[in-house]
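Novice: One structure is given below, represented as structure tokens, and several questions about it will come after.
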Amino acid sequence: MTHPLRVYNPAAAPDTQAASLGRALDNLRGKTVGFIDNAKPNFQFLVEDLEAQLIGRYGVKAVRKHRKPGQVPVKPEVLQQFAEECDAVITGSGD
Amino acid sequence: MCSTAFQGLGRAQAKALGYADLPIAVIPHPFGIRTRDEVRTLAAECVGNIATLLCQPRTSTAKSARTPQSARAELIEVPDDLMELNQLFVNNHWSDGLPIIPPTAERVEAMLHGTTLARDTVVASIAPAFRAATVERIAINAVMAGCHPDYLPLLIAAAKAVSVPSFNLRGLQATTNPAAVWLIVNGPIAQKLGINGAGNCLGPGNWANATLGRGLRLILQNIGGGLPGELDKATHGQPGKYQFCCAENEAENPWEPLHVERGFAREASTVTVAGVLGTWNMNTHAKDAADLLRVIGDTMAFPCSSDYVHGGAPWLMLSPEHAHLLKREGLSKLDVKRRLWETSKLSAQRLAAKDFGRVQSGRRDDLGELTPETMLPITTKPEDINLLVAGGDGTHSVYLPVSGNSHSATVEITH
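Residue numbers (this note's numbering), protein chains in the order written: chain A, 1 to 95; chain B, 96 to 510.
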């Protein structure tokens, strides 16, 4: 049995302060849904098809779409516009 | 939305940003190679789940906003046997896999004497977990890497540099690309600390290069959360992710050094960070500038390069011999960049069809509509090609492509 040594934990503490999510929607009828496309191959086609499905099957009123350049955050003005115009926003992450 | 392979990254990223219960719709991986009809089928299959997630009640009741946490690091008891201690650090994901120096209170105190800043000072918030890099936490990781106390101000400046928004650390840390952060040191501090910028400057055998590069890697991992298998999604990674640090060989540089080119005083000491994908040796005995710039440009132009997709910011580490050849013919650094910008143009028809679409999407602002006949410049403007003079004797220069949408950042070393 070896004697204990005291050292510092090198990892920064996880951020324990959670942020709040927007309220869930009651239903999708008449709502506006936004898509932020991360510019990965095929995602723009998936968004096109989901737009048709959400409008045709779920009564979504409108879909807003924005294709951002790859690997960088969306510009703040685009986020602001989506926050004002959309009831919910979906974004792609990863490949 | 994430594909199955990126679900863990999506969840970890959401949690790091304070949204642990963010609804995530998952689609099968691989997704990008599917045919148009397969995507249509997938949309029909997953729309129901998306509709459910949008209307699903949230479980979180948290309301507070995120702020950087600057709490002091905790002291923990560990075995004093070096092998057992190292195994504990590996098991806790605090190590890079190489043996570390135990960060005892005494060693960390000694390290903190290397700076005039208070130990609680928050230097930066490190992506992608966006945790606070306090002076103390930087010092702890510097001890583990084997740094001496007088190295600490350089790592503090490096923490600031990686947090410059245009460096895009969140992209570099999480990407599937083998992105390593290269530390380039300029000014008198390079000689003072013994940082090698001459022969074998990226090779083994130099304590300062090895431990400074490693120190930054540990900071990126232990503070930034860039852990392989978690937020770090590199397909292969690269050896430069263990350590990647050198000085510019200012004594053999026929032009103004990098930091002077970037507006700093010659007597200032700076650190530059660059998110590079590897090193590609270019061995050429070209005897005139036109021939040399032609073959270097041709080497830069390969169709799987990330630089052409985003309009990048690649690096050339010219050997002193190549740099002097160019200078003898009267070329300035900017002249060299302009010539390389022309000689490295890539024919769009050499791209894979899917990549043609990525380039079109990524560079519409600076190139407009592409055709197969378009000759793609590697960067938006010639000035974005970066030049460094380093290395020893020999007819070798090095090309270092850059991960997408990352621009290097230079910060003065002050404290």
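Don't be surprised by glycine CBs; every beta carbon is placed ideally from N, CA and C. Owing to the predicted nature of the structure, the values given are computational and were not obtained by experimental measurement.
Does DSSP put residue 397(B) in a helix, a strand or coil?
Specialist: coil
Novice: Measure from the alpha carbon of residue 166(B) to the alpha carbon of each residue in 279(B), 216(B), 385(B), 484(B), then state which is nearest.
Specialist: 216(B)
Novice: What is the DSSP secondary structure of residue 375(B), counted as helix, strand or coil?
Specialist: strand
Novice: Return the residues of the segment 56–71 of chain A that lie within a Cβ-Cβ distance of less than 8 Å from chain B, sorted by chain order.
Specialist: 57, 58, 67, 69, 70, 71
Novice: At 8 Å on the CB atoms, spell out the chain B contacts of residue 92(A), in chain order.
Specialist: Within chain B, the residues near residue 92(A) are 96, 97.
Novice: According to DSSP, what are the bridge partners of residue 278(B)?
Specialist: 340(B), 368(B)
Novice: Which chain A residues are close to residue 410(B), counting only those with a beta carbon under 7 Å from its beta carbon?
Specialist: By Cβ distance, chain A contributes nothing, its closest Cβ being about 18 Å from residue 410(B), past 7 Å.
Novice: Assign residue 65(A) to buried or exposed, taking buried as 16 or more other Cβ atoms, counted over all protein chains shown, within 10 Å of its Cβ.
Specialist: exposed
Novice: So is residue 444(B) buried or exposed if we call it buried at 16+ other beta carbons inside 10 Å?
Specialist: exposed
Novice: Using a Cβ-Cβ distance cut-off of 9 Å, determine whether residue 75(A) contacts chain B.
Specialist: no
Novice: Can you find a CB in chain A that lies within less than 9 Å of the CB of residue 263(B)?
Specialist: Taking Cβ atoms only, chain A reaches closer than 9 Å to residue 263(B), which makes this a yes.
Novice: Within the chosen definition, does the segment 259–272 of chain B reach the segment 223–230 of chain B through at least 3 CB pairs nearer than 8 Å?
Specialist: Verdict: yes, contact present.
Novice: Please state the DSSP three-state secondary structure of residue 103(B).
Specialist: helix
Novice: Please confirm whether residue 83(A) has its beta-carbon closer than 9 Å to some beta-carbon of chain B.
Specialist: By the rule that beta-carbons nearer than 9 Å mark a contact, residue 83(A) does not touch chain B.
Novice: Write down the C-beta distance between residue 380(B) and residue 499(B) rounded to the nearest angstrom, noting that I regard them as a contact closer than 8 Å.
Specialist: With a Cβ gap of about 33 Å, residue 380(B) and residue 499(B) do not count as contacting.
Novice: DSSP state of residue 13(A), grouped into three classes?
Specialist: Three-state DSSP puts residue 13(A) in coil, outside helix and strand.
Novice: Does DSSP put residue 37(A) in a helix, a strand or coil?
Specialist: strand
Novice: From residue 74(A) to residue 68(A), what distance separates their C-alpha atoms?
Specialist: 6 Å
Novice: Quick one: what's residue 229(B) bridged to in DSSP?
Specialist: 217(B)
Novice: What does residue 424(B) pair with, by DSSP beta-bridge criteria?
Specialist: Residue 424(B) pairs with nothing; no bridge assigned.
Novice: If I measure Cβ to Cβ from residue 335(B) and keep anything under 6 Å in the same chain, skipping five residues before and after, which residues do I get?
Specialist: 275
Novice: Helix or strand or just coil, what does DSSP make of residue 492(B)?
Specialist: strand
Novice: Ignore the nearest five residues each way along the sequence and tell me which others in residue 345(B)'s own chain have a CB closer than 6 Å to its CB.
Specialist: Cβ neighbours of residue 345(B) beyond the five flanking positions: 352.
Novice: In terms of residues, what are the limits of the alpha helix (DSSP H) holding residue 304(B)?
Specialist: 302–317
Novice: Put residue 8(A) into one of helix, strand or coil per three-state DSSP.
Specialist: strand
Novice: Looking at the C-beta of residue 46(A), does it have a partner C-beta in chain B at a distance below 9 Å?
Specialist: yes
Novice: Identify each residue in the segment 440–459 of chain B for which the Cβ-Cβ distance to at least one residue of chain A is less than 8 Å, and report them in chain order.
Specialist: 449, 452, 453, 456, 457
Novice: Taking only beta carbons into account, state which residues of the segment 187–200 of chain B come closer than 7 Å to chain A, listed in chain order.
Specialist: 189, 197, 198, 199, 200
Novice: Is any beta-carbon of chain A found at less than 9 Å from that of residue 227(B)?
Specialist: With 9 Å as the cut-off, residue 227(B) counts as an interface residue toward chain A.
Novice: Please report the distance separating the alpha-carbon of residue 159(B) from that of residue 291(B).
Specialist: With a pLDDT of only 46 at residue 159(B), under the threshold of 50, the placement of this residue in the model should not be trusted; the figure read from the coordinates follows. Roughly 47 Å between the two C-alpha positions.
Novice: Could you name the residues of chain A that residue 175(B) contacts, counting a contact when the two beta carbons are closer than 9 Å?
Specialist: 2, 3, 4, 5
Novice: Alpha helix (DSSP H) containing residue 212(B): first to last residue?
Specialist: Premise fails: residue 212(B) is in no alpha helix (DSSP H) and is neither H nor E.
Novice: Comparing C-alpha positions only, which one of 363(B), 232(B), 295(B) sits nearest to residue 212(B)?
Specialist: 232(B)
Novice: Going along the chain, which residues of its own chain have a beta-carbon closer than 6 Å to the beta-carbon of residue 242(B), five neighbours each way excluded?
Specialist: 306, 310
Novice: Apart from the five residues just before and just after residue 396(B), which ones in its own chain have a Cβ nearer than 6 Å to its Cβ?
Specialist: 439, 441
Novice: Which residues, in chain order, does the segment 229–258 of chain B contribute to contact with chain A at a C-beta distance below 7 Å?
Specialist: From the segment 229–258 of chain B, only 232, 235, 236, 239 have a Cβ closer than 7 Å to chain A.
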